[in-house]
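Here the sequence shown is numbered in our numbering, starting from 1003 and rising by one per residue.
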Amino acid sequence: MFQETDIHKAITQQNVWLNAERPVAAGDLAGRIILLDFWTFCCINCIHVIPDLKRLEEDFGDSLTVIGVHSAKFANERLKENISAAIARYGIEHIVVSDPNLRIWRSFSISSWPSFVLIGPDAKIAGYYSGERNYDALRRDIQILVENYADRLNRSPLPLALEIDKLPPSVLRFPGKIIHVNSFDSAPILFVSDSRRHRIVGMRLDGEIVLSVGRSGDPGYRDGRFEEAQFNTPQGLVYRDDVLFVADTENHLLRAIDLRQGEVKTVAGTGEQGYVGSFVNSHALSTALSSPWDISLYPSGDNIAIAMAGTHQIWVYHISGGTLDVLAGDGRESIDDGSYPGNSLSQPSGLSAHQGKLYFVDSETSSLRVLQDGKIKTLIGKGLFHSGHKDGDREAALMQHPLGVFASESGIYIADSYNHAIRRFDTATDRLETVLGDGKSGLLSEPNGLVLVDDMLFITDTNNHRIVSLEPASGRLSILNTH
């Protein structure tokens, strides 16, 4: 495919580099063992392999140079500022090159996310790898290269400058989901997953933080008292009888915060990433979850539906019995309606139960769907590569990687994340309309969660690290003074 002198030029043919002080030149790569990670930040599988890359970097130190090649799927993912936010959000600490028009992707004949290319110090390809669960093969092949070239390796550091260090100070860091509890300690409260500070906060409707659960800024997995408990990038929340349940996404767990006893405990998951399930009444603490992203009380108050983004499914946790079932999704990443196991999902990321129906957004198909009486119906969306920002009926309307949904009497509100917009689906007319946002980052930046309180929407403005309130009737937007 390449002449020896061309492979480093192929890697450096794009000029937008992140986590870097300057663009990397072909000459910087000479004599290195290089692992290219072809990824895009919407992709749950790409997120899953980040821990493997961190382990490899720890295993081999300066003997290995990992370079992320961000090859965008969605239009929103082609913009430098959004890639920068994703790098900070997921704690990536190696250099990344933006490949928005897939020039590097095509040079290496890549066909799927994530994919890896291992390159030896002789500037020859030593291996191709695709998908998850490649850590062992990669470690073995890198070790062979290290042994063969031990005395000839270029171990000098590349010009690193982390995106996370460029962020302004803020009380919240990439807030995820948000819910409202009408009366907690005799006052309304918002609970927010402060995802990259790895904690859950409770705040008054004016932004005053009155509760914090989890060791702020310190990811991990630990049950116990509020001040010692640890989470890892928590997202979805649901409240029931003084217990706040948490989708602890990167720990692959469902946790329960007992707000009266002041303790956190694990109720589902093993702490390891699981894979596609097809089971009935599986013991919750013996069953591995996979990137649970949102949760909702459904089909009754004794059950918690789980948006299992990592397996493209919806599971249900039975609170009283401590067991799990699959509600929807055969594990294929697609958009088939109907009954389980004949239906398919694509990275469900937001759930909202209303009047016996479970509304959800499937982010990878940019769709709004509903589960009722065991059957799924797609309301907006057509497939994995159909996205955009367009209002209209079910045939015309388009979204771009929505992450959040809230169903109410006044309509289905959607955090249309990659359009930086709030949309509303009218169940009476089957039409989608824009409430706020024009498809560009500005007033909002990749909103994730939202909740309607009386006539006001509270929204996690994720990449702006804040909570905002929106009056849908007037379009008036206000920023909560979080303190």
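Note that CB positions come from ideal geometry on N, CA and C, so glycine has one too.
In this text the structure is predicted, and so the values were computed from the model without any measurement.
Around the Cβ of residue i, are there at least 16 other Cβ atoms within 10 angstroms (buried) or fewer (exposed)?
i, result
"P1161", "exposed"
"K1179", "buried"
"R1057", "exposed"
"H1285", "exposed"
"G1324", "exposed"
"Q1374", "exposed"
"H1467", "buried"
"E1252", "buried"
"G1331", "buried"
"L1237", "The question names Leu, but residue 1237 is Gln in the sequence shown. Buried, because 16 or more other Cβ atoms sit within 10 Å of the Cβ of Q1237."
"F1387", "exposed"
"D1054", "buried"
"A1231", "buried"
"E1079", "buried"
"Y1130", "exposed"
"V1282", "exposed"
"G1204", "buried"
"A1189", "exposed"
"Q1349", "buried"
"N1084", "buried"
"N1234", "buried"
"R1334", "exposed"
"F1226", "Strictly speaking, residue 1226 in this sequence is Gly, with Phe absent from that position. With fewer than 16 Cβ atoms within 10 Å of its Cβ, G1226 is classed as exposed."
"D1153", "exposed"
"V1212", "exposed"
"A1311", "buried"
"A1074", "buried"
"N1450", "buried"
If residue i and residue j are in contact, beta carbons under 8 Å, what's the gap, nearest whole angstrom?
i, j, result
"L1370", "L1381", "5 Å"
"G1394", "L1434", "7 Å"
"L1256", "G1271", "6 Å"
"S1351", "L1400", "Not really, about 17 Å apart at Cβ, beyond 8 Å."
"S1293", "H1314", "Rounded, the Cβ-Cβ distance is 10 Å, inconsistent with contact."
"N1156", "G1033", "3 Å"
"P1116", "N1047", "6 Å"
"H1050", "A1028", "At roughly 31 Å, the Cβ-Cβ gap does not stay under 8 Å, so H1050 and A1028 are not in contact."
"F1076", "C1045", "No, F1076 and C1045 are not in contact; Cβ-Cβ is about 10 Å, not under 8 Å."
"F1460", "L1261", "Not confirmed; about 20 Å, so no contact."
"R1141", "Q1016", "Rounded, the Cβ-Cβ distance is 28 Å, inconsistent with contact."
Checking 7 Å against the spacing of the C-beta atoms, do residue i and residue j come in under that value?
i, j, result
"F1362", "I1306", "no"
"V1194", "P1177", "yes"
"S1132", "S1114", "yes"
"G1209", "T1484", "yes"
"R1425", "D1432", "no"
"V1328", "G1279", "yes"
"I1297", "A1249", "yes"
"L1482", "D1463", "no"
"S1410", "L1454", "yes"
"E1448", "N1465", "yes"
"S1341", "K1377", "yes"
"T1042", "V1026", "no"
"K1379", "D1339", "yes"
Starting from the C-beta of residue i, find all residues in its chain whose C-beta is less than 8 Å away, skip the five residues before and the five after it, and write them out in chain order.
i, result
"L1299", "V1240, R1242, N1305, I1306, A1307, A1355"
"R1478", "L1472"
"L1287", "T1268, V1269, A1270, G1271, T1272, G1324"
"K1082", "V1018, L1020, S1100"
"K1384", "I1337, T1367, S1369"
"A1139", "G1129, Y1131"
Go through its chain and collect everything with a Cβ distance to residue i's Cβ below 7 Å, but skip five positions before and after it.
i, result
"K1392", "A1398, A1399, L1400"
"I994", "Absent from the structure is residue 994, since the part of the chain shown begins at 1003 and ends at 1485."
"V1470", "I1461, D1463, L1479, S1480, I1481, L1482"
"G1216", "H1200, R1201, I1202, A1231, Q1232, F1233"
"D1030", "L1160"
Going by beta carbon distance, what residues of the same chain come within less than 6 Å of residue i, once the five residues before and after it are set aside?
i, result
"A1290", "T1272, E1274, G1276"
"E1023", "P1161, A1163"
"S1214", "R1201, V1203"
"A966", "Nothing in the structure corresponds to residue 966, since the chain is present only between 1003 and 1485."
"D1064", "R1157"
"A1437", "The question names Ala, but residue 1437 is Val in the sequence shown. These residues qualify, in order along the chain: I1424, R1426, P1474."
"I1414", "Y1361, F1427"
Query raised in the report: Are the region 1056 to 1071 and the region 1024 to 1039 touching by the rule of at least three beta carbon pairs closer than 8 Å?
Result: yes
Requested in this report: Report yes or no: do three or more beta-carbon pairs, one from the region 1434 to 1452 and one from the region 1141 to 1158, lie closer than 8 Å?
Outcome: no
Query raised in the report: Taking three-plus beta-carbon pairs below 8 Å as touching, is the region 1080 to 1097 in contact with the region 1398 to 1407?
Result: no
Report task. Would you be able to state if there are at least three C-beta pairs under 8 Å between the region 1194 to 1208 and the region 1115 to 1133? Result -> no
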